[in-house]
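Q: Quick one: the structure is below, and I'll ask about it shortly.
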Amino acid sequence: MKILIINPNSDEKTNETIRKKADVFVNGAYEVEVKCLTKTPKLVSSYKDIALGGGEMMDLVREGEEYDAFIVACHSDPNLDLLKEITSKPVVGIAEASMKLASMAGNSFAVISPSLKSVSKKLALARKYHCENLFQTTRVSASNETEDIYQAAKAAVEEAHVDCIVLGCANYANADKYCEEKLHVPVFDGVACALMMAHGLVMYQRYKTSK
31 MKILIINPNS DEKTNETIRK KADVFVNGAY EVEVKCLTKT PKLVSSYKDI ALGGGEMMDL
91 VREGEEYDAF IVACHSDPNL DLLKEITSKP VVGIAEASMK LASMAGNSFA VISPSLKSVS
151 KKLALARKYH CENLFQTTRV SASNETEDIY QAAKAAVEEA HVDCIVLGCA NYANADKYCE
211 EKLHVPVFDG VACALMMAHG LVMYQRYKTS K
């Protein structure tokens with residue numbers, strides 16, 4: 031099995047963060063490749079940014095015959111529906127995966143976000159994924175550093191009394207274990223959640239088409 035993780039921004043550092051998490055999570059069970067775009071900003075935060083990446087993302091999917099599934103590794107799930115429309119292979123967004131899994135694990139969750147601009151978009155996605163009633167609050171992390179992410183998550187747990195934390199940025203991918211060990215509540219990283227879902231969907235497709 032081979033899965034392509036599409037990083038919708040143009041930041042190679044984000045690529046390395048995603049690749050590190052994927053390598054540890056998959057642990058050699060299947061192949062994962064990470065590719066970033068070239069025509070988008072280093073942080074995708076607006077609908078304009080999302081639109082800029084649409085053509086390049088479609089090209090990656092259309093030309094990606096060797097891949098069994100695709101992951102959109104930005105917590106705004108940019109162009110996710112577009113990519114699902116042009117391929118019969120599984121396409122999973124990291125916001126979609128993490129919010130849905132968090133809604134299965136507890137009665138409420140908070141999303142840790144990289145900016146105030148993205149807060150309303152997180153709420154819109156929660157409505158789209160039918161888990162808005164469990165989405166209680168958002169906290170903005172001061173940086174991509176693990177300690178700052180933890181402090182934002184800690185505030186959400188203490189102030190909003192949520193059961194789960196969703197890490198709302200691909201750059202937070204490697205902070206889940208640290209935060210969960212300190213907070214004692216489930217913490218969901220979208221990259222890991224999307225890999226889990228994509229792998230499962232591929233296996234289910236294979237099962238249904240097997241003799």
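In the numbering used here, the protein residues as written are 31 to 241.
Every residue, glycine too, gets a C-beta built ideally from N, C-alpha and C.
Hey, could you find the ends of the alpha helix (DSSP H) Lys43 is sitting in?
A: The residue labelled residue 43 in the question sits at position 13 within the sequence shown. Segment 42–56, the alpha helix (DSSP H) holding Lys43.
Q: Can you tell me which of Phe139, Met226, Lys147 puts its alpha carbon nearest to the alpha carbon of His191?
A: Along the sequence shown, read from residue 1 onward, the residue named residue 191 stands at position 161. Minimum Cα distance to His191 is reached at Phe139.
Q: Name, in chain order, the residues that DSSP records as bridge partners for Ser143.
A: The residue labelled residue 143 in the question sits at position 113 within the sequence shown. Ser143 is bridged to Val170.
Q: Have a look at Arg157, Val187, Tyr208, Tyr180 and flag the residue whose alpha-carbon is nearest the alpha-carbon of Ala125.
A: Looking up residue 125 in the sequence shown gives position 95. For the residues Arg157, Val187, Tyr208, Tyr180, the minimum Cα distance to Ala125 belongs to Arg157.
Q: For Asn84, which of helix, strand or coil comes out of DSSP?
A: To locate residue 84, count along the sequence shown from 1; it is residue 54. Checking the displayed sequence, the identity of residue 84 turns out to be Gly instead of Asn. Three-state DSSP puts Gly84 in a helix.
Q: DSSP puts Glu210 in a beta bridge; with which residues?
A: The sequence position of residue 210 within the sequence shown is 180, counting from 1. DSSP, once it has assigned bridges, lists no residue as partnering Glu210.
Q: Hey, how far is the Cα of Leu112 from the Cα of Met88?
A: Numbered from 1 along the sequence shown, position 82 holds the residue referred to as residue 112. Numbered from 1 along the sequence shown, position 58 holds the residue referred to as residue 88. In a straight line, the C-alpha of Leu112 is about 8 Å away from that of Met88.
Q: For the beta strand (DSSP E) containing Lys65, name the first residue and the last one.
A: Walking along the sequence shown from the start, residue 65 turns up at place 35. Lys65 -> beta strand (DSSP E) spans 61–66.
Q: DSSP puts Val102 in a beta bridge; with which residues?
A: By one-based count along the sequence shown, residue 102 stands at place 72. Val102 pairs with Ile36, Gly123.
Q: Could you tell me the alpha carbon to alpha carbon distance between Asp41 and Lys72, rounded to whole angstroms?
A: Counting from one through the sequence shown, the residue named residue 41 turns up at place 11. Counting from one through the sequence shown, the residue named residue 72 turns up at place 42. The straight-line gap from Cα to Cα measures roughly 5 Å.
Q: Could you spell out the range, first to last residue, of the alpha helix (DSSP H) harbouring Asp178?
A: On the sequence shown, position 148 is the one that residue 178 refers to. Asp178 -> alpha helix (DSSP H) spans 176–190.
Q: Have a look at Leu67, Glu61, Val62 and flag the residue whose alpha-carbon is nearest the alpha-carbon of Leu82.
A: As a position in the sequence shown, residue 82 is number 52, starting the count at 1. Residue Leu67 is the option with its Cα nearest to Leu82.
Q: Leaving out five residues before and five after Phe218 in sequence, what residues of the same chain have Cβ atoms less than 6 Å from its Cβ?
A: By one-based count along the sequence shown, residue 218 stands at place 188. These residues qualify, in order along the chain: Ser128, Leu131, Ala132, Val196.
Q: Taking Thr70 as the reference, which of Arg236, Pro38, Val91 has the closest Cα?
A: Indexing the sequence shown from 1 puts residue 70 at position 40. Comparing Cα positions, the closest option is Pro38.
Q: Is the distance from the Cβ of Thr168 to the Cβ of Gly198 below 9 Å?
A: Along the sequence shown, read from residue 1 onward, the residue named residue 168 stands at position 138. Along the sequence shown, read from residue 1 onward, the residue named residue 198 stands at position 168. Result yes, Cβ atoms of Thr168 and Gly198 sit closer than 9 Å.
Q: Could you tell me the distance, in whole angstroms, from the CA atom of Glu96 to the CA atom of Val121?
A: Counted from its first residue, the sequence shown places residue 96 at position 66. Counted from its first residue, the sequence shown places residue 121 at position 91. In a straight line, the C-alpha of Glu96 is about 14 Å away from that of Val121.
Q: How is the alpha helix (DSSP H) around Leu197 delimited, first residue to last?
A: As a first step, residue 197 must be located in the sequence shown, where it is residue number 167. Careful: Leu197 lies outside any alpha helix (DSSP H), inside the beta strand (DSSP E) at 194–197.
Q: Below 7 Å CB to CB, which residues in the same chain sit around Pro108 once its five sequence neighbours on both sides are set aside?
A: Indexing the sequence shown from 1 puts residue 108 at position 78. Closer than 7 Å at the Cβ level, and outside the excluded window around Pro108, lie Pro38, Val74, Ile80, Gly83, Val102.
Q: So, is Met233 buried or exposed, given that buried needs 16 or more other C-beta atoms within 10 angstroms?
A: In the sequence shown, counting from the first residue as 1, residue 233 sits at position 203. Exposed.
Q: Among the residues of its own chain, which have a CB less than 8 Å from the CB of Glu63, if the five just before and after it don't count?
A: Walking along the sequence shown from the start, residue 63 turns up at place 33. Answer for Glu63: Lys32, Ile33, Leu34, Ile35, Tyr97, listed in chain order.
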